[in-house]
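K.L.:
Below you'll find the structure I mean.
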Amino acid sequence: MTTSDPVIQIDIVSDIMCPWCIVGFRQLEQALGMTNMGARILWHPFELNPTMPPEGQNLGEHIAEKYGTTPEQSVQNRAQMQKTGQSLGIDFQLTPDSRIVNSFSAHQMLDFALSQGLQHPLKLALFAAHFTDQRDVSDAEVLVDVAVSVGLDRDAATKVLEDGALVDSVREKQQFWTSRGVSGVPSMVFDSKYLVTGAQGAENYAQLLQRVAQEQAA
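Encoded structure:
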C-alpha cells in the first residue's frame, strides 16, 4: 500500500462472543491486501446474548437451547469452525467445556480504548483471549489485564469498570445500530453506504472495496 492507495471507512458492528465476527474481519483483511487498499476501521457494540448471566453458560448447552443443535452437530460445528479459523490464522480452541459469557463489560472497555486510540488492538486481543486462550472476558481482572497488554493504563481501565461511566455510552451505541436494522453480526458498513452482514469471504469484500474506491474516484 502507498500513500496514494484508497482508504475506506469501515464500521463493524460485532460481539466478541461471535466467532464469525473475527472470521469476517480476517477475510476483510485478506480483501484489503488483495486490493491494496487501506481501511479506517471502527468497531461498534452488539450483544448476541444481552441477558446472559454473569457466570455465563456452557457453549454447547447454549447453542442447543438457542438453535436446537444436537451434541453431534455441535462436535461437527466446532470442527468446521476450527478448520475455517486455521485457514485465516485464527486458533479457535473450542472444546465441550467452552463457555459463552456476558460481553457488556468488554464493550465498555472497548469504548474506553476508543478514546485512547487503542480500540482496534484491544478488540483483536479480546477475540484471542476468548477464543484461543479460553479466558473469561466478562471478568474485570481479565479485562484489565488484556487492556494493559495493548497499552492501556491499568488504573484507568480498572476505574472504567468500577464506576460504570461508559454504560450509557455503550447502550446508546447499541441502540443506534439496532434502530437502523442491525439484528445480527458481523455487520459491516462500507463508506457509510453499504451494509453487509455475515462473514462474506475475501472475494466479496474485495469486490465491494473496489466498487467504493471507484465511486470515490468518480
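In this note's numbering, the protein residues as written are 10 to 227. Note that the Cβ used here is the ideal one computed from N, Cα and C, for glycine as well. These figures come from a predicted structure and were not determined experimentally.
(1) Assign Asp145 to one of three DSSP states: helix, strand, or coil.
(2) Would you kindly check if the distance between the Cβ of Val221 and the Cβ of Ile17 is under 8 Å?
(3) Whole-angstrom Cβ separation of Gln36 and Ala211, contact assumed at under 8 Å?
(4) Could you check if Phe185 is buried or exposed, using at least 16 other CB atoms within 10 Å of its CB as the buried criterion?
(5) Which term fits Ala227, buried or exposed, when burial requires 16 or more other beta carbons within 10 angstroms of its beta carbon?
(6) Out of Glu56, Lys92, Gly33, which one is the CA nearest neighbour of Thr187?
(7) Given a cut-off of 8 Å on the beta-carbon distance, is the pair Val110 and Asp145 in contact?
(8) Could you give the distance in angstroms between the alpha-carbon of Tyr76 and the alpha-carbon of Lys92?
(9) Have a look at Glu74 and Pro15 and give me their C-alpha separation to the nearest angstrom.
(10) So what does DSSP say about Arg189, is it helix, strand or coil?
(11) Using the Cβ count rule (16 or more neighbours within 10 Å means buried), how would you classify Tyr1?
(12) Residues bridged to Asn67 by DSSP?
(13) Buried or exposed for Pro28, please, with buried defined as at least 16 other CB atoms from any protein chain shown within 10 angstroms of its CB.
(14) Can you tell me which of the three DSSP states Gln102 falls into?
(15) The beta strand (DSSP E) spanning Leu204 covers which residue range?
(16) Can the beta-carbon of Arg141 be found closer than 8 Å to that of Asp106?
(17) Less than 8 Å separating the beta-carbons of Pro54 and Gln216?
(18) Taking C-alpha atoms, which residue in Gln89, Val176, Arg87 lies nearest to Ser112?
(19) Between Leu68 and the rest of its own chain, which residues show a CB-CB distance below 7 Å, the 5 nearest in sequence each way excluded?
P.N.:
Based on what the coordinates show:
(1) coil
(2) yes
(3) 5 Å
(4) exposed
(5) exposed
(6) Glu56
(7) yes
(8) 21 Å
(9) 45 Å
(10) coil
(11) Past the boundaries of the shown model lies residue 1; the chain is included only from 10 to 227, so the question cannot be answered.
(12) Arg108
(13) buried
(14) coil
(15) 203 to 206
(16) Inspection of the sequence shows that residue 141 is occupied by Thr rather than by Arg. Their beta carbons are not under 8 Å apart, which means Thr141 does not touch Asp106 by this criterion.
(17) no
(18) Val176
(19) Ser107, Arg108, Ile109
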